[in-house]
Structures are given as structure tokens and as C-alpha cells.
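Last residue of the sequence shown: 480 (the working numbering), numbering continuous. Even for Gly, the Cβ is constructed at its ideal location relative to N, Cα and C. Fair warning: this is a prediction, and the values are worked out from it, not measured in the lab. I have placed the structure first, in the form of C-alpha cells, so that the comments after it can refer back to it.
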Amino acid sequence: MEVKAERYGKIYMLAGISFVAIVCISLMKAAPELEDAEQAYYSQWWRLGYDDQPPLYTWIQNSINAVIGVSKWSFSLLRGLLFGGILLLLYRFYINYLGERNRAQLAVLGLVLIPVFIDFTFRRLSHTTLLCVMVVATYCIIHQLISKKTFQNYMLLGLVVGLGILSKYNYALVLLAIGMSLFVDASIRRILLHPYFLISMIVMVMIVSPHMYWLYENVGFRQEIQSGFQMKIASAKGKGIPIITPLLAMLLTLLKLCGFLVLFVLVFLKFKKMRYVSVPKDWLLKLFLSQILVLIFFFVITDVKKVEERWLLPIFLPFWVLLIQRISIVNNKRWIHTGFCLFLFVIGIQTVRTPVEKFLNIPSSVHFSFEPVAQKLMESYPETQWILPDVTYAGSVRLVCPERRIFARDDFSLPEAQLSGKEIIEVVSGRQNLNNRIILDSISNFGMQKEQLYFVSR
């Protein structure tokens, strides 16, 4: 036990501290983040599809809610577990791939220099965080399959791939890269052409087929997903140069994603705190190059005009170890200690960020509670069915009134039949959306945007 604690102690401790910090951050906020509000809303139902994302995250969240109830704690619990799980899975992958404990720890601690990881993933992301777990788990299993092509490992591969598809649709880009590497790497080829690979395919199909069939049957849902995708990848003006604009968008995003890491390594190489080590090309490097090619083809074909760092984070998270593999660091143990302290410092900054922003009057939507809206609905319209302007409003109000079934006006996946049987009170944002309906009540200057809310009978 002492040997195991010495071997894994710092990373396990970091995962635990991160979990506690994420829970504390959530409890300090007056209102939930957008992703938590969405999950508070969608986790009211068991469905085969929600909004423009696959259903796995919401299924897990719904299961947690069924055990401990609907509260800020239940939503921060899942995000904390996933973030800690990313650190532990990455460490397992890094140490197995590198075969060296100290460099594996440095690789994990180096993640503190990836802004989107330590900010968005730590504080607010949901489906993307789950996708990070699934992508790293996929690489862990591939590494196992290279040396041990057992029936159990192929079963596990099919399970993780199926869950990966249900976590976020862009997991398909990872699968395309793995498929492409079949033509350039013998070790991957032996995995994919092994007879047991059929077992992986069967398990994967069994997991994803209900959702895919549901997606096939719901044409409107597919159209909404396509519309949402087009909106996310288009620039504000929707203009750009074919091929050139997607490539520049991808390059700029990669620089934002890992620029600090690369700069850090270059500076240390310059001052001879590190030195470059030549290593043979292996399956992970070839898979990395395949992933780059897949992204280039995808972005060019779809004419992407903007790329968010969080979209690329899960895809490139495992490849950071390639850089660590190629450098030798002077005084590893000293830098492990420094990296650990830096990680704790950044976690501490993230933890106190919300109250400090509120004290300094820095605008943030999480500082504005939805209790005034919930209070008015509970006091004036307790026996009616409530419809809120959007999913964010509905989920935020549900956190205040967890016992109520609440609906959102923009939930295109919700059957209209579920609204029947009760008098309906709708909360409308902005006079332009009233459509000549009689105003029953109102709230002025609500939230960060100082919105005018109206309570009307539907």
C-alpha cells in the first residue's frame, strides 16, 4: 500500500482536490452555469435524444439525481468525478505509454498550461468533459490491445467506443483517425484486422443502435442538429475563403489550445533545462498525424469558419505525451513538485474566482439568482404548468423548485402532448415576444442582461 501511495499519491491527491474544488465552486454560484442549467432541465426525462447532443451525459446525470436528488451538489458531483477521472485515466495512459512514473506525472501536471482544460473543463463543461474521458479510455484500451489481444479487451473496446459515440458526436473524428492509421501503422492494423474485432463491433452496435434508430425516425431532430452545427462553425458574418479560412481557423485554435505548453518547452530547451531526445516513430505518433489529416479534411469539406478550443481539447488531450516523450528534463523531481504546487495554486484561483468577481462587481451570469422568478411562480401560480423562455431559464428554476415538472419554450425534442391537462403560465422575455397576450405579472431588469420578464396565460 505504501508503494502504491508513493507511486500514485500526487495525481490521486490532485484528482481529489479538484473534485472538492469543483463542488465548492458550484455551491458558491447563485445561478448555475449554462451546462448545469441544461442538465437540470433535460434530466427530468429519460429520452433517446436531447437537444443537439447525444444522451449519455444526461442519462448519467438522471441516475445521480434519482439517488441524491436535484441540487447544485448533484450536478457538481458528476463534473467533479469526470474531471478527476480524466486526470487518473491520463496518468494511467501516460505511465503505460512512457513506462516511466516521473515523466508521466510531469505530463499530467503540464495540463495546467492548457487554458481551456483548467478553465472550461474545470468549471463548466459537460458533454466535452465526458468525451475527454471516453477518448482517453479509448487510447488506454488500444495500448492494451497492442500487447494483449484478448476477448475481454475487445469487449471493452466495443463498450468504450459505443459510449464514446453516445457522449458526443465528434467522437466520430477520433474513430476516423484510428481507421486511417490502419494504412500507416502495423500495430493498429493488427488490432483492427483481428477476428475478435468483430466482438467490438457487435458490442458497439448494440449500445448505439437505439439512439441511432431514434435519430433516424426523428427528421426534425436531425434538422435541428444540423442547424445547430452550422451555427457553431460559421463566423459572425459567415464569410471566408474556401480551404484557407478553415485551415487558418484550425491552426489558430491549436495555438490557443497548446500555445503555452509549446512556448514553455521552447524556453526550457533554449536555457538547456530540457534537451531533445530522438525516439522512433510509433503508433501514437502515426495516429496523431492521421488525426491532423482527418481534421483538415473535415474542416475544409464543411467549410468551418471558426473552431472553439474546447472542441479540439478531447481529440488532442492524449497526444501531449508525445512531446514529453521527446524531451529529457533536468531534475525531474523538482519540476514535479513545482508543477504540483502550480496546479494547486490555479485550482485555488478557480475556487475563489466566483466570490472575488462578485466582490469586484465583475459581471457574470452566475451571480444572478433565479429565485425571484421561481418565487413568483410558486406564490402566484402554484397549480399551473410553467413554461420558461428557454432551457437555461427552465433548468435554473428547476434547481430552485426540484419537485416541479418545468418546460422550456425552445425544447424542440419535447412532445407537445406533455403540456396538456393543466392551465399553462408562460414566462416571456421581452415585450416583442408577447404576441398580444394579456400580461398577468412582470419582473423588471432581471439578471445580468436586465431583461423584462412577463407572466402570461397561454
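Residue i classed as buried or exposed, judged by whether at least 16 other C-beta atoms fall within 10 angstroms
i: residue 280; result: buried
i: residue 102; result: buried
i: residue 259; result: At residue 259, the pLDDT of 46 sits below 50, so the modelled position is not reliable and the matter cannot be decided from this model.
i: residue 480; result: exposed
i: residue 470; result: exposed
i: residue 373; result: buried
i: residue 313; result: buried
i: residue 432; result: exposed
i: residue 58; result: buried
i: residue 161; result: buried
i: residue 89; result: exposed
i: residue 458; result: exposed
i: residue 317; result: buried
i: residue 125; result: buried
i: residue 33; result: buried
i: residue 51; result: buried
i: residue 4; result: Limits of the chain in this structure are 23 at one end and 480 at the other, which puts residue 4 out of reach.
Collapsed DSSP secondary structure at residue i in the structure displayed
i: residue 122; result: coil
i: residue 33; result: helix
i: residue 384; result: coil
i: residue 395; result: helix
i: residue 479; result: strand
i: residue 259; result: With a pLDDT of only 46 at residue 259, under the threshold of 50, the placement of this residue in the model should not be trusted; the figure read from the coordinates follows. Coil.
i: residue 93; result: coil
i: residue 432; result: coil
i: residue 427; result: coil
i: residue 460; result: coil
i: residue 38; result: helix
i: residue 410; result: strand
i: residue 531; result: Limits of the chain in this structure are 23 at one end and 480 at the other, which puts residue 531 out of reach.
i: residue 348; result: coil
C-beta atoms of residue i and residue j nearer than 8 Å
i: residue 388; j: residue 406; result: no
i: residue 181; j: residue 167; result: no
i: residue 75; j: residue 417; result: no
i: residue 301; j: residue 116; result: no
i: residue 189; j: residue 149; result: yes
i: residue 203; j: residue 309; result: yes
i: residue 40; j: residue 369; result: yes
i: residue 221; j: residue 193; result: no
i: residue 371; j: residue 403; result: no
i: residue 164; j: residue 230; result: no
i: residue 236; j: residue 70; result: yes
i: residue 84; j: residue 95; result: no
i: residue 137; j: residue 282; result: yes
Whole-angstrom C-beta distance between residue j and residue i, which should lie under 8 Å
i: residue 378; j: residue 396; result: Not really, about 27 Å apart at Cβ, beyond 8 Å.
i: residue 131; j: residue 365; result: 6 Å
i: residue 321; j: residue 271; result: 7 Å
i: residue 427; j: residue 66; result: 6 Å
i: residue 361; j: residue 112; result: About 14 Å separates the two Cβ atoms, so there is no contact after all.
i: residue 464; j: residue 476; result: 5 Å
i: residue 337; j: residue 196; result: 6 Å
i: residue 352; j: residue 411; result: Wrong, their Cβ atoms sit about 57 Å apart, outside the cutoff.
Segment contact flag, the stretch 98-113 with the stretch 281-292, C-beta cutoff 8 Å, min 3 pairs: Judged by Cβ distances under 8 Å, the stretch 98-113 makes no contact with the stretch 281-292, as fewer than three pairs qualify.
Is there contact here, the stretch 327-335 with the stretch 120-131, by at least three beta-carbon pairs under 8 Å? No, because fewer than three Cβ pairs between the stretch 327-335 and the stretch 120-131 fall closer than 8 Å, the two stretches do not touch.
Taking contact to mean 3 or more Cβ pairs, one atom from each stretch, closer than 8 Å, check whether the stretch 138-157 and the stretch 380-387 are in contact. Taking 8 Å as the limit for Cβ pairs, the verdict is that the stretch 380-387 does not touch the stretch 138-157.
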